[in-house]
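>
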Amino acid sequence: MDLGGITEAVVFYVFAALGVLAALGVVIARTPVRSALSLAVVFLSLAVMYLLLNAPFIAVAQVMIYAGAVLILFLFVIMVLNPRLELGIGTLSTQTVAAFGITVVLIVELAIILSNAQLAPATGQFTPEFVSQAGHVQVIGSLLFSEFLLPFEIASMLLLVAIVGAISLAKRVREETRR
Amino acid sequence: MITVTHYAVLSAILFAIGAIAVLVRRNPLVMFMGIELMLNAVNLTFVAFSRYLNDMSGQVFVFIVLTVAAAEVAVGLALVVAIFRARESVDVDEIDSLRG
Numbered sequence: 001m002d003l004g005g006i007t008e009a010v011v012f013y014v015f016a017a018l019g020v021l022a023a024l025g026v027v028i029a030r031t032p033v034r035s036a037l038s039l040a041v042v043f044l045s046l047a048v049m050y051l052l053l054n055a056p057f058i059a060v061a062q063v064m065i066y067a068g069a070v071l072i073l074f075l076f077v078i079m080v081l082n083p084r085l086e087l088g089i090g091t092l093s094t095q096t097v098a099a100f101g102i103t104v105v106l107i108v109e110l111a112i113i114l115s116n117a118q119l120a121p122a123t124g125q126f127t128p129e130f131v132s133q134a135g136h137v138q139v140i141g142s143l144l145f146s147e148f149l150l151p152f153e154i155a156s157m158l159l160l161v162a163i164v165g166a167i168s169l170a171k172r173v174r175e176e177t178r179r
Numbered sequence: 180m181i182t183v184t185h186y187a188v189l190s191a192i193l194f195a196i197g198a199i200a201v202l203v204r205r206n207p208l209v210m211f212m213g214i215e216l217m218l219n220a221v222n223l224t225f226v227a228f229s230r231y232l233n234d235m236s237g238q239v240f241v242f243i244v245l246t247v248a249a250a251e252v253a254v255g256l257a258l259v260v261a262i263f264r265a266r267e268s269v270d271v272d273e274i275d276s277l278r279g
């Protein structure tokens, strides 16, 4: 999506602020349902980022898989468990302090790396003109079935294993409670 | 003008918030949400650099990461449900049966 410079900046900053605030909401919220709904806002604002970055297919996949499948799964599990015992962040233990310390170190490290980074020049063949002419989904699809065929097949095996694993985990518990 | 660095900074902030969620919260559901946040932050970096370098490999990789995230959530949430049914508790500090 090619917007003008000012429009792009406004959209970026609005949705970046929205995403960061919602991400903080995930951490701060006292009940898991509120965390999950904040997470939905993060997912949707990231989908807007992908649209800004000229990646419409990834944006649609983000909405369908994350905001659709993953989040609904979270909400179903919250509904099933109904964990009323949520306490928020809780008291300030040494573990919490250590966690914040580690995260501050992480942010400083990332800031130093980003400010010193020498970015390589753009050398790829998939310029925005090429992609918009060939079609975004077509380009990703042809890459997925040629250059990235092996990772694609491994991902499908992973999904199969995950399905079997999830079913067997849920089933074994039910047999145990019946006994 | 929004450059690739803007996206990288946003991604770093989201990753740090996700890490805080995993380290600070004691509810495994919220910890999983933190992991999802971190995966999303990495995805944003992938797409931003894919756009900047005119290279679609990053977007294909994001597609693979989406698959892994879906598989991880399915198995992880099944584990959470199994643990909750067995122990009636979802506090990760109380799940220490394997401690030596």
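One line per chain: the protein sequences are A and E, in this order.
With the working numbering, the residue at position 136 of the first sequence is 136, and numbering never jumps.
Converting from the second sequence to the working numbering requires adding 179 to each position, the first position being numbered 1.
Glycine residues also receive a C-beta, built at the ideal position from the N, C-alpha and C atoms.
(1) Which bits of chain A does E215 of chain E rub up against, with CB to CB less than 8 Å?
(2) Round the Cβ separation of A99 of chain A and L202 of chain E to the nearest angstrom and send it over; I've been treating them as touching at under 8 Å.
(3) Applying a beta-carbon distance threshold of less than 8 Å, which residues of chain E neighbour A9 of chain A?
(4) Taking its Cβ as the centre, do 16 or more other Cβ atoms sit within 10 Å of T7 of chain A, making it buried, or is it exposed?
(5) Would the beta-carbon of L193 of chain E fall within 8 Å of that of N219 of chain E?
(6) Return the residue from the list E:A187, E:V183, E:M180 and E:A191 that minimises the CA-CA distance to L106 of chain A.
(7) Exposed or buried, what is P121 of chain A when buried is set at 16 or more other beta-carbons lying within 10 Å of its beta-carbon?
(8) Under 9 Å Cβ-Cβ, which residues of chain A neighbour T184 of chain E?
(9) Buried or exposed: which applies to I19 of chain A, given that a residue is buried once 16 or more other Cβ atoms fall within 10 Å of its Cβ?
(10) Any C-beta of chain A sitting closer than 8 Å to the C-beta of L258 of chain E?
(11) Please state the DSSP three-state secondary structure of L284 of chain E.
(12) Quick one: is L73 of chain A near chain E, going by C-beta distance under 8 Å?
(13) Under 8 Å, with one C-beta from each stretch per pair, do the region 160-168 of chain A and the region 238-255 of chain E reach the 3-pair mark?
(14) Residue range of the alpha helix (DSSP H) that T246 of chain E falls in?
(15) Using 8 Å as the limit for Cβ to Cβ distance, is D275 of chain E near chain A?
(16) Kindly examine the ligand NAP and report whether one of its heavy atoms sits closer than 7 Å to the Cβ of H136 of chain A.
(17) Note down the Cα distance separating S156 of chain A from L277 of chain E, rounded to an integer number of angstroms.
(18) Just the C-alpha distance for S229 of chain E and A250 of chain E, rounded to the nearest angstrom, thanks.
(19) Taking Cβ positions, are V42 of chain A and R204 of chain E nearer each other than 8 Å?
(20) So which of E:G237, E:A187 and E:A198 has the shortest CA-CA distance to T96 of chain A?
(21) Please determine, among A:V70, A:A40, A:L39 and A:N54, the residue with the shortest C-alpha to C-alpha distance to Q133 of chain A.
(22) Please confirm whether D272 of chain E and G124 of chain A have their CB atoms less than 8 Å apart.
(23) At 7 Å on the CB atoms, spell out the chain E contacts of G124 of chain A, in chain order.
(24) Against T246 of chain E, what residues of chain A qualify as contacts under a CB-to-CB distance less than 7 Å, listed in chain order?
Put simply:
(1) Taking the second sequence and counting its residues from 1, the one referred to as residue 215 of chain E is at position 36. Per Cβ cutoff of 8 Å: L39, Y66 and V70.
(2) Counted from its first residue, the first sequence places residue 99 of chain A at position 99. Counted from its first residue, the second sequence places residue 202 of chain E at position 23. Confirmed, about 3 Å.
(3) Position 9 of the first sequence holds residue 9 of chain A. Chain E residues near A9 of chain A: M180 and I181.
(4) The residue you call residue 7 of chain A lines up with position 7 of the first sequence. Label assigned to T7 of chain A: exposed.
(5) Taking the second sequence and counting its residues from 1, one reaches residue 193 of chain E at position 14. Taking the second sequence and counting its residues from 1, one reaches residue 219 of chain E at position 40. Their beta carbons are under 8 Å apart, which means L193 of chain E touches N219 of chain E by this criterion.
(6) Indexing the first sequence from 1 puts residue 106 of chain A at position 106. Ranking the options by Cα distance to L106 of chain A, first place goes to E:A191.
(7) For the purposes of this step, residue 121 of chain A is identified with residue 121 of the first sequence, where counting begins at 1. It counts as exposed.
(8) The count along the second sequence starts at 1 and reaches residue 184 of chain E at position 5. Here the neighbours are L114, S115, A117 and L119.
(9) Here residue 19 of chain A corresponds to residue number 19 of the first sequence, with the count starting at 1. It should be noted that the sequence gives Gly, not Ile, for residue 19 of chain A. Under this definition G19 of chain A is a buried residue.
(10) Taking the first residue of the second sequence as 1, we reach residue 258 of chain E at position 79. Chain A, which has a Cβ nearer than 8 Å to the Cβ of L258 of chain E, makes this yes.
(11) Only positions 180 to 279 of chain E appear in this structure, which leaves residue 284 of chain E out of reach.
(12) If you number the first sequence from 1, residue 73 of chain A lands on position 73. L73 of chain A counts as touching chain E.
(13) yes
(14) Translated into positions along the second sequence, residue 246 of chain E becomes position 67. It spans S236 to R266 - the alpha helix (DSSP H) in which T246 of chain E sits, taken as one unbroken run.
(15) Reading the second sequence from its first residue, position 96 is the one you call residue 275 of chain E. Not closer than 8 Å to any Cβ of chain A, the Cβ of D275 of chain E fails to qualify, so no.
(16) Of the ligands one can find in the structure shown there are none, so the ligand NAP has no counterpart to examine.
(17) Here residue 156 of chain A corresponds to residue number 156 of the first sequence, with the count starting at 1. Here residue 277 of chain E corresponds to residue number 98 of the second sequence, with the count starting at 1. Between S156 of chain A and L277 of chain E, the C-alpha separation is close to 32 Å.
(18) If you number the second sequence from 1, residue 229 of chain E lands on position 50. If you number the second sequence from 1, residue 250 of chain E lands on position 71. Their backbone Cα atoms lie some 24 Å apart in a straight line.
(19) The residue given as residue 42 of chain A occupies position 42 in the first sequence. The residue given as residue 204 of chain E occupies position 25 in the second sequence. Cβ distance not < 8 Å, so V42 of chain A and R204 of chain E don't count as in contact.
(20) Counting from 1 along the first sequence, the entry for residue 96 of chain A is found at position 96. Answer by Cα proximity: E:A198.
(21) Mapped onto the first sequence, residue 133 of chain A falls at position 133. Considering only alpha carbons, the answer is A:N54.
(22) The residue given as residue 272 of chain E occupies position 93 in the second sequence. The residue given as residue 124 of chain A occupies position 124 in the first sequence. Taking 8 Å as the Cβ cut-off, D272 of chain E and G124 of chain A do not qualify as a contacting pair.
(23) As a position in the first sequence, residue 124 of chain A is number 124, starting the count at 1. Simply L232, N233 and D234.
(24) Numbered from 1 along the second sequence, position 67 holds the residue referred to as residue 246 of chain E. Ordered by position in chain A, the residues that pass the 7 Å Cβ test against T246 of chain E are A155, L158 and L159.
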